[in-house]
């Protein structure tokens, strides 16, 4: 398990506003075989459609094309289930109400100088974030954020792992 904490203190004489995101990239076996649980039925801003607001439909999130979304008012736990590697990443977060989900897919990956043409197939970015509503600190105020990442072996494909228990536990 990895835990990262951030603490920002406003030592200035005037208010200070900011947004924040942990840019966490997860190595996955095949993006088309990955599912994300914990963001179902939530509102999100779609960066590919001028930040238009939508509501997530259906079950867990799966990937078939480029995605760049900011999920709003997300739960404190999110699970990334990688069927082929039989592994589940669990994100636990505090002070970070949003979650950014990003994968550039093929066209954008090929256009990125620091990204291999096929690397999009083996990565997923899920960012614990505070972006929709900037955090404002008055003079002397402090804000804290925390992200905890863990990887647990899973046999979800064979039904031995209940993802809802992972999210609740």
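Residue numbers (the UniProt record's numbering): 1 to 169. Just so you know, even glycine gets a beta-carbon here, dropped at the ideal spot from N, CA and C. A quick note: this is a predicted structure, and the numbers were derived from the prediction, not measured.
- Under the three-state reduction of DSSP output, residue 65 falls in the coil class, being neither helix nor strand.
- The DSSP-derived three-state label of residue 11 is coil.
- Under the three-state reduction of DSSP, residue 148 is assigned to strand.
- Within the same chain, Cβ atoms closer than 8 angstroms to the Cβ of residue 71 are found at 39, 42, 43, 44, 56, 98, 99, 100, 101, the five residues on either side in sequence being excluded.
- Exposure of residue 152 is indicated by the presence of fewer than 16 other C-beta atoms within 10 angstroms of its C-beta.
- Listed as beta-bridge partners of residue 90 by DSSP are 79, 150.
- In chain order, 15, 17 place their CB closer than 6 angstroms to the CB of residue 136, counting only its own chain and leaving out the 5 sequence neighbours on each side.
- In the DSSP secondary-structure assignment, residue 43 is bridged to 55.
- When rounded, the separation of the alpha-carbon atoms in residue 80 and residue 13 is 42 angstroms.
- Per DSSP, the continuous beta strand (DSSP E) segment holding residue 133 begins and ends at 123-137.
- Within the same chain, Cβ atoms closer than 6 angstroms to the Cβ of residue 105 are found at 65, 66, 120, the five residues on either side in sequence being excluded.
- Residue nearest to residue 19 within the set 116, 139, 132, 147 is 132 (criterion: CA-CA distance).
- By the Cβ neighbour-count rule, residue 128 is buried, with 16 or more other Cβ atoms within 10 Å of its own.
- Put simply, the backbone Cα of residue 150 is about 35 angstroms away from that of residue 139.
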